[in-house]
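Just so you know, the sequences run in chain order C and D. Per my numbering, residue 810 is the first one in the first sequence, and the count goes up by one each step. Per my numbering, residue 1148 is the first one in the second sequence, and the count goes up by one each step. Glycine residues also receive a C-beta, built at the ideal position from the N, C-alpha and C atoms. All of these numbers come straight from a predicted model, not from anything done at the bench. Scroll down for the structure; my scribbles are underneath it.
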Amino acid sequence: AQTIHQWPVAEIKAVGSPLSLGCTIKGKSSPNLYWYWQATGGTLQQLFYSITVGQVESVVQLNLSASRPKDDQFILSTEKLLLSHSGFYLCAWSLGVSAETLYFGSGTRLTVL
Amino acid sequence: QQQVRQSSQSLTVWEGETAILNCSYENSAFDYFPWYQQFPGEGPALLIAIRSVSDKKEDGRFTIFFNKREKNLSLHIKDSQPGDSATYFCAASVSTNAYKVIFGKGTHLHVLP
């Protein structure tokens, strides 16, 4: 059974339009959750992390926001997309305070035109 | 400032050879160093990891050599196979703040048959 599910698999959006990407974790209690962004062929840039419901820490400012409305759900959004938002968005989870191993989802490919 | 640096963007080896991927870091506080493997269109997956108290970690064909004094490490892939062709990311974190994981830019490994 898949532990982490990201949706949608891919999106093509216009500059200036809103965006919402989602991530659900199943079978893990109180996971730490993360959003990463990856430019094509590029490194993994951490965007946000959340240790508990309702609390989200921002790591880098990219005109994006994140929320954790439920223990098993992490949402990434923006009201106005920029061309620079194109890329591969990855959700990940880890467990405990050691939190060292990240388990990534399959990602969402976003193209902003 | 790039905190985790991978010296080669791309590396090509023949099947059966040992591939050596290098990584260096800036922050002396980093004490956990995972390597992630990523295939195109997928999320990265943990391959092998080492803590700064060790100088070597081996798992099957994969070995990490770690030099704390020089602040560098390398991933050796013995008997490389075409199926090892992927992008390899060196990462680092501090155990007291494990929620922030810094990734290098990745090395794309090509294993030719």
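Can you tell me whether residue i is buried or exposed, with buried defined as 16 or more other CB within 10 angstroms of its CB?
i, result
"Thr-920(C)", "exposed"
"Ser-903(C)", "buried"
"Asp-1231(D)", "buried"
"Ser-859(C)", "buried"
"Ser-1240(D)", "buried"
With residue i as the anchor, note down where its beta strand (DSSP E) starts and where it stops.
i, result
"Gln-815(C)", "813 to 816"
"Gly-887(C)", "The amino acid occupying residue 887(C) in the given sequence is Thr; Gly does not appear at that position. Element bounds for Thr-887(C): 882 to 887."
"Leu-1222(D)", "1219 to 1224"
"Ala-819(C)", "819 to 822"
"Leu-877(C)", "Strictly speaking, residue 877(C) in this sequence is Arg, with Leu absent from that position. First-last of the beta strand (DSSP E) with Arg-877(C): 874 to 879."
"Ala-1166(D)", "1166 to 1172"
"Gln-855(C)", "853 to 861"
"Gln-870(C)", "First-last for Gln-870(C): undefined, no H or E at that position."
"Asp-1206(D)", "1203 to 1206"
Can a CB atom of chain C be found closer than 7 Å to the CB of residue i?
i, result
"Phe-1250(D)", "yes"
"Leu-1193(D)", "yes"
"Ala-1176(D)", "no"
"Tyr-1179(D)", "yes"
"Ala-1245(D)", "yes"
Nearest chain D C-beta to residue i closer than 7 Å, yes or no?
i, result
"Ser-895(C)", "no"
"Gly-863(C)", "no"
"Glu-909(C)", "yes"
"Ser-874(C)", "no"
"Phe-913(C)", "yes"
"Gly-916(C)", "yes"
Please report the straight-line C-alpha distance between residue i and residue j, rounded to a whole angstrom.
i, j, result
"Ser-839(C)", "Gln-1185(D)", "26 Å"
"Ser-1199(D)", "Ser-1154(D)", "20 Å"
"Arg-918(C)", "Cys-1170(D)", "28 Å"
"Thr-1210(D)", "Ala-1238(D)", "15 Å"
Since residue i meets chain E, which of its residues come closer than 8 Å, beta carbon to beta carbon?
i, result
"Thr-852(C)", "Protein chains in the displayed structure are C and D, and chain E is not among them."
Exercise. Taking 8 Å as the threshold, find out whether the stretch 1251 to 1259 of chain D comes into contact with the stretch 1213 to 1233 of chain D through three or more Cβ pairs.
Key: Segment contact: the stretch 1251 to 1259 of chain D against the stretch 1213 to 1233 of chain D, three or more CB-CB distances shorter than 8 Å; contact assigned.
Practice task
Would you check if there are 3 or more beta carbon pairs closer than 8 Å linking the stretch 1163 to 1181 of chain D to the stretch 887 to 906 of chain C?
Solution key: No, because fewer than three Cβ pairs between the stretch 1163 to 1181 of chain D and the stretch 887 to 906 of chain C fall closer than 8 Å, the two stretches do not touch.
Checklist entry - Within the chosen definition, does the stretch 1174 to 1188 of chain D reach the stretch 1241 to 1251 of chain D through at least 3 CB pairs nearer than 8 Å? => result By the Cβ criterion, the stretch 1174 to 1188 of chain D is in contact with the stretch 1241 to 1251 of chain D, since at least three pairs of Cβ atoms, one from each stretch, lie closer than 8 Å.
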